[in-house]
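> Residue numbers (the numbering used here), protein chains in the order written: chain A, 330 to 441; chain B, 843 to 958.
1. Residues of chain A with CB closer than 9 Å to the CB of residue 894 of chain B, please, in chain order.
2. Within the continuous beta strand (DSSP E) that includes residue 887 of chain B, where are the two ends?
3. Whole-angstrom Cβ separation of residue 876 of chain B and residue 910 of chain B, contact assumed at under 8 Å?
4. Is the beta carbon of residue 899 of chain B less than 9 Å from the beta carbon of residue 931 of chain B?
5. Would residue 946 of chain B count as contacting chain A if we go by Cβ distances under 9 Å?
6. Let me make sure I understand the geometry here. Which of A:431, A:343, A:412 has the alpha-carbon closest to that of residue 352 of chain A?
7. Kindly identify the DSSP beta-bridge partner or partners of residue 954 of chain B.
8. Once you ignore the five residues that flank residue 401 of chain A on each side, which residues in its own chain have a CB closer than 7 Å to its CB?
9. Report the three-state DSSP secondary structure of residue 414 of chain A (helix, strand or coil).
10. According to DSSP, is residue 959 of chain B part of a helix, a strand, or is it coil?
11. What residues in its chain sit with their C-beta under 7 Å from that of residue 390 of chain A, if we drop five residues either side in the sequence?
12. For the candidate residues A:345, A:341, A:344, A:360, whose alpha-carbon lies nearest to that of residue 333 of chain A?
13. Quick one: which chain B residues come within Cβ less than 8 Å of residue 417 of chain A?
14. Going by CA-CA distance only, name the one from A:422, A:357, A:440 that's closest to residue 363 of chain A.
15. Chain B beta carbons: is any one of them nearer than 9 Å to that of residue 351 of chain A?
16. Identify every residue that forms a DSSP beta bridge with residue 375 of chain A.
17. Please decide whether residue 930 of chain B counts as near chain A, where near means a Cβ-Cβ distance under 9 Å.
18. Does the distance from the C-beta atom of residue 407 of chain A to that of residue 348 of chain A stay below 9 Å?
19. At a Cβ threshold of 9 Å, is residue 906 of chain B touching chain A?
20. Between residue 397 of chain A and chain B, is there a C-beta pair that is closer than 9 Å?
21. Answer yes or no: does any C-beta atom of chain A fall closer than 9 Å to that of residue 910 of chain B?
22. List the residues of chain A that residue 901 of chain B touches, going by C-beta distances under 7 Å, in chain order.
23. Give the secondary structure of residue 383 of chain A by DSSP, where H, G and I count as helix, E and B as strand, and everything else as coil.
24. Using DSSP bridges, identify the partner residues of residue 430 of chain A.
25. Whole angstroms are fine: how far does the CA of residue 956 of chain B sit from the CA of residue 847 of chain B?
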């Protein structure tokens with residue numbers, strides 16, 4: 330396991346409030362990713378990072394921002410949460426030459 | 843953009859029987875990787891098996907094996923001697939070797955139910 334910890338694991342919030350999800354890894358992996366999981370869509374990439382302060386957008390990045398100030402931490406921020414952002418969010422890191430991802434346990438976010 | 847399609851939203855199998863989950867993908871690349879991930883009710887994503895496109899031999903991991911048909915862009919997962927613990931959501935995923943960021947593209951998933 331890549332030692333990936335997500336926090337919080339569960340959160341309920343109201344529309345319009347800011348939310349930050351944290352991903353912490355202990356393996357010094359360069360690449361980190363945020364995905365969201367929704368029924369019928371599988372996992373879709375929100376943002377990813379290829380190093381400290383180096384990030385890029387994924388396919389569903391609107392409404393989300395990320396930051397990576399340290400190798401081990403990758404933060405996902407919803408500046409103003411909307412009901413469409415109710416989802417399960419997964420952090421992952423890349424390891425190995427074949428590039429499979431190792432995932433955290435997921436964070437369930439409910440926006441009322 | 844690459845896409846991954848899992849055409850079976852749900853599948854059922856009797857315990858000890860064999861089941862095959864389907865996956866097709868769309869790409870113009872020749873060098874890539876394919877994966878199957880399992881997600882049990884605990885929500886944890888677990889890598890089941892991976893296949894490198896340049897390898898002709900199908901990958902096998904214990905009771906799990908794949909049928910990789912590169913020309914047909916098909917990557918099915920066969921589970922033999924199904925067990926109750928195999929019940930989960932299964933995701934097929936694709937990664938292009940040349941895409942910056944090494945991002946995985948996932949299919950929508952197949953729910954596998956195992957009947958005792």
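We put the CB at the ideal spot given by N, CA and C, even for glycine. As the structure is a prediction and not an experimental result, all values here were calculated from the model.
On the basis of the supplied data:
1. 427
2. First-last for residue 887 of chain B: undefined, no H or E at that position.
3. 7 Å
4. No; because the gap between Cβ atoms is not below 9 Å, this pair is not in contact.
5. yes
6. A:431
7. B:853, B:930
8. Result list for residue 401 of chain A: 353, 354, 355, in chain order.
9. helix
10. This structure gives no information on residue 959 of chain B, because the portion of chain B shown stretches from 843 to 958.
11. 375, 376
12. A:360
13. 885
14. Of A:422, A:357, A:440, the smallest CA-CA separation from residue 363 of chain A is found for A:422.
15. Answer no: the Cβ-Cβ gap between residue 351 of chain A and chain B never drops below 9 Å.
16. Residue 375 of chain A is not bridged by DSSP to any residue.
17. no
18. yes
19. Not an interface residue.
20. no
21. no
22. Here the premise fails: no neighbours, minimum Cβ distance about 11 Å.
23. strand
24. A:423
25. 22 Å
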